[in-house]
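Below is one structure; the comments refer to it alone.
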Amino acid sequence: MPIWSLHGDGRTVARGAVVKPDERLNWPGTIAIGAQHVVAMFGATFLVPIITGFPVSTTLLFSGLGTLVFLLITRNKLPSYLGSSFAFIAPITALNGGNRLETPEQITQALLGVAVAGVLLAAVGFVVQAFGTGWIEKLMPPVVAGAIVALIGFNLAPAAWGNFQLQPEVATVTLCAVILFSVLFRGFLGRISIFLGVIVGYVVAAVTGQVEFAAVEAAPWFGLPDFHLVAIGDAAAWSIVPMFLPVVLVLIAENVGHVRGVATMTEDPSLNKHTGRALIADGVATTLAGGFGGSGTTTYGENIGVMAATRVYSTAAYWVAGIVAILLAFSPKVGAVFNTIPAGVLGGVTTALYGLIGVIGIKIWVDNRVDFSRPVNQYTVAVSFVIAIAGFALNLGSLQFGAIVLGTIAALVIYHAGNAIARLRRTGADDGGPIPAVGQLGGDPQ
8 MPIWSLHGDG RTVARGAVVK PDERLNWPGT IAIGAQHVVA MFGATFLVPI
58 ITGFPVSTTL LFSGLGTLVF LLITRNKLPS YLGSSFAFIA PITALNGGNR
108 LETPEQITQA LLGVAVAGVL LAAVGFVVQA FGTGWIEKLM PPVVAGAIVA
158 LIGFNLAPAA WGNFQLQPEV ATVTLCAVIL FSVLFRGFLG RISIFLGVIV
208 GYVVAAVTGQ VEFAAVEAAP WFGLPDFHLV AIGDAAAWSI VPMFLPVVLV
258 LIAENVGHVR GVATMTEDPS LNKHTGRALI ADGVATTLAG GFGGSGTTTY
308 GENIGVMAAT RVYSTAAYWV AGIVAILLAF SPKVGAVFNT IPAGVLGGVT
358 TALYGLIGVI GIKIWVDNRV DFSRPVNQYT VAVSFVIAIA GFALNLGSLQ
408 FGAIVLGTIA ALVIYHAGNA IARLRRTGAD DGGPIPAVGQ LGGDPQ
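Sequential numbering of the sequence shown, starting at 8, is according to the working numbering.
Here you go:
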């Protein structure tokens, strides 16, 4: 077990100070902060298995285990919780026409894609640890990275509409609650608006008799999670692996951004040198989850919000959060409760959630001031978006390429090939870099 030095008197954080990763508050305070991290991750982490059809308790178990693995591999220097990654939703549900998986065979096939994505992410981590992140930035400049992240969210839009139509009243209430909570509350409560919206929608559905509790009553309080072994020997499973490859690019972007964010907030640039270890750790955690029935993992922005609000960056709190998640996973009744969430609630929350994934990609463009007057940038986004939203597909024998794969390939090829041609011909159609900042960016004029 890692050892942390006590911050100050262990009870308070002085104004302007932060509790560093190698420090901690007293144990009651640390446990309380850890509990907040569990609440922060819970809403998003359980949504992924609910939407995909993966076992909730198993996903929660590997989320907690993955967090502990992350802390060990990063040598207890990077505070992070590894929750379910939304990037896996599209390729997983693609196995069942965009709907949640229904059979154990489908789950074991999807697990192969999760496991392979984890192995590739870990491999990228070793390369980053050796050579840095410069090559990633060249492969995925802002316009490409933003397009790939956004198209994953937009590709899921039909699935959200499908659930919305099943219970439109409940879905509308859920969606309105998510939006209302995000603007009504500040700080931590505002950051878990999706979780709060699900609660409101669930209560409305239960009061109106649209929730079936028989499975909850029959489930025991304590028991083992429902494990599934990855289908390594299934040829059909290998044919869908390409759909999971773009997810690796998203996980890279999320992990790199997480490390940079923590380094900035703690005012410790030296943390950036652990980026490779973070990628390796998330890759190992995702591979472990994919091997036995859990969803792929990623670093969680929700927990960054908790750290920003509390100014406590102690990795001790994440050990607490990981252990609590593991303990909760051994209650089948908890999993049964989540499995009773009706389609309308999912439809309402995913309408917002999938759109937000798209917005994250667009924010990458805004933050990096991408110049969309350049034809290469225009077509990189235009073509990849239509491919993703329309659901383009390509079958080459036993290999199946879904819209996310095709959209990602299109973005990479159009950007890099287009730039090469434009620069060779000196047409000015290439990506000329960020738009120059003119005057003050944001806020009232000074």
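Using N, Cα and C, we set each Cβ at its ideal position, and we do this for glycine too.
Three-way DSSP call (helix, strand, coil) for residue i in this model
i    : result
N170 : helix
G303 : coil
L231 : coil
R284 : helix
S380 : coil
D374 : helix
P149 : helix
N106 : coil
A429 : helix
L236 : coil
T293 : helix
E219 : coil
P349 : coil
A212 : helix
I442 : coil
G73  : helix
Among the options, the one whose alpha carbon lies nearest that of residue i
i    : options                : result
V80  : V373, N170, I38, A285  : Note that residue 80 corresponds to Ile in the displayed sequence, not to Val. When only C-alpha atoms are compared, the closest one is A285.
K370 : N103, P62, A154        : A154
I259 : A343, L182, E224, L127 : L127
R107 : A418, G354, L68        : G354
T415 : L236, V388, D438, T52  : V388
A242 : Q116, C183, V156, V255 : Q116
H235 : V373, L85, G368, S64   : S64
I247 : Y361, A397, A101       : A101
V237 : T293, V211, M48        : T293
A212 : L187, T181, A222       : T181
L403 : I394, N279, P249, T317 : P249
V344 : A410, V131, P56        : P56
F299 : P62, G440, F161        : P62
Nearest-angstrom Cα separation, counted from residue j out to residue i
i    : j    : result
V150 : V377 : 6 Å
R267 : I40  : 22 Å
I442 : G208 : 43 Å
D16  : G23  : 16 Å
G297 : L118 : 5 Å
R432 : F93  : 41 Å
V356 : I96  : 14 Å
E147 : G141 : It should be noted that the sequence gives Met, not Glu, for residue 147. So the two alpha carbons sit approximately 10 Å from each other.
T273 : E224 : 46 Å
L252 : V121 : 9 Å
L173 : I58  : 15 Å
A166 : V214 : 26 Å
G290 : G283 : 11 Å
G435 : V390 : 20 Å
V383 : A427 : 10 Å
L85  : E176 : 43 Å
I206 : A350 : 14 Å
V135 : L203 : 38 Å
V352 : A178 : 5 Å
D438 : I143 : 17 Å
A332 : L32  : 21 Å
D275 : E30  : 14 Å
A458 : T306 : This structure cannot settle anything about residue 458, because the visible part of the chain is limited to 8 through 453.
I396 : Y386 : 15 Å
W372 : Y422 : 14 Å
V327 : V420 : 44 Å
L72  : I114 : 20 Å
V341 : W228 : 8 Å
A157 : W11  : 39 Å
G139 : P28  : 23 Å
I38  : F53  : 22 Å
L360 : V25  : 31 Å
V210 : V185 : 14 Å
G362 : L13  : 42 Å
W34  : L68  : 23 Å
Host beta strand (DSSP E) of residue i (start-end)
i    : result
L252 : It is not in any beta strand (DSSP E) - L252 instead sits in the alpha helix (DSSP H) that spans 252-272.
Beta-bridge pairing of residue i - partner residues as DSSP gives them
i   : result
V26 : V319
S12 : E30
Enclosing alpha helix (DSSP H) for residue i [first to last residue]
i    : result
L89  : From DSSP, L89 is part of no alpha helix (DSSP H) but of the beta strand (DSSP E) over 89-91.
K84  : From DSSP, K84 is part of no alpha helix (DSSP H); its letter is neither H nor E.
T19  : Here T19 belongs to no alpha helix (DSSP H), and DSSP marks it neither H nor E.
F345 : 339-346
T181 : 175-191
A117 : 111-138
S246 : 242-246
T100 : 96-100
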